[in-house]
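In the numbering used here, the protein residues as written are 1 to 127.
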């Protein structure tokens with residue numbers, strides 16, 4: 001069974017630039033949104049230890065729990081696993097739902113002043 005392009009059948013499931021195209025979808029069982037929680041890129045994730053023995057985890061979830069023994073941002077978790085952020089958000093939602101992680105929202109910082117923004121804009125225009 002070919003792909004129509006003369007390549008191997010497996011080539012249909014691999015994008016040269018993006019990598020495997022089915023694996024993240026299969027990891028999340030087709031879900032694109034987490035069951036529970038909202039995960040910004042800079043939200044911090046910390047795992048709860050020890051993990052109960054009765055909990056069944058995927059290899060990716062185990063890696064998340066191991067890596068998040070110290071606080072990591074959602075972006076750092078995605079980079080460490082080499083997975084799309086959307087996939088990581090779904091996996092984190094499952095872990096949050098199981099009570100295996102907790103998250104911390106980053107502090108809300110005051111917006112820069114209008115004067116500062118105008119000065120930056122003027123500097124960019126001068127380039």
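A virtual CB, placed ideally from N, CA and C, is assigned to each residue, including glycine.
Nothing here was measured: the structure is a model prediction, and the numbers come from that model.
With distances taken between CA atoms, residue 54 lies nearest to 99 out of 99, 42, 86. Of the residues 88, 111, 90, 106, the one whose Cα lies closest to the Cα of residue 42 is 106. Here the alpha carbons of residue 117 and residue 69 stand approximately 38 angstroms from one another. As computed with DSSP, residue 77 is found in no beta bridge at all. DSSP, reduced to helix, strand and coil, places residue 62 within a helical segment of the structure shown.
Residue 83 counts as buried, since at least 16 other C-beta atoms from the protein chains shown sit within 10 angstroms of its C-beta. DSSP places residue 51 in the coil class of the three-state scheme, outside both helix and strand. In the three-state DSSP reduction, residue 108 falls in the coil class, being neither helix nor strand. As the crow flies, the alpha-carbon of residue 87 is around 24 angstroms from that of residue 50.
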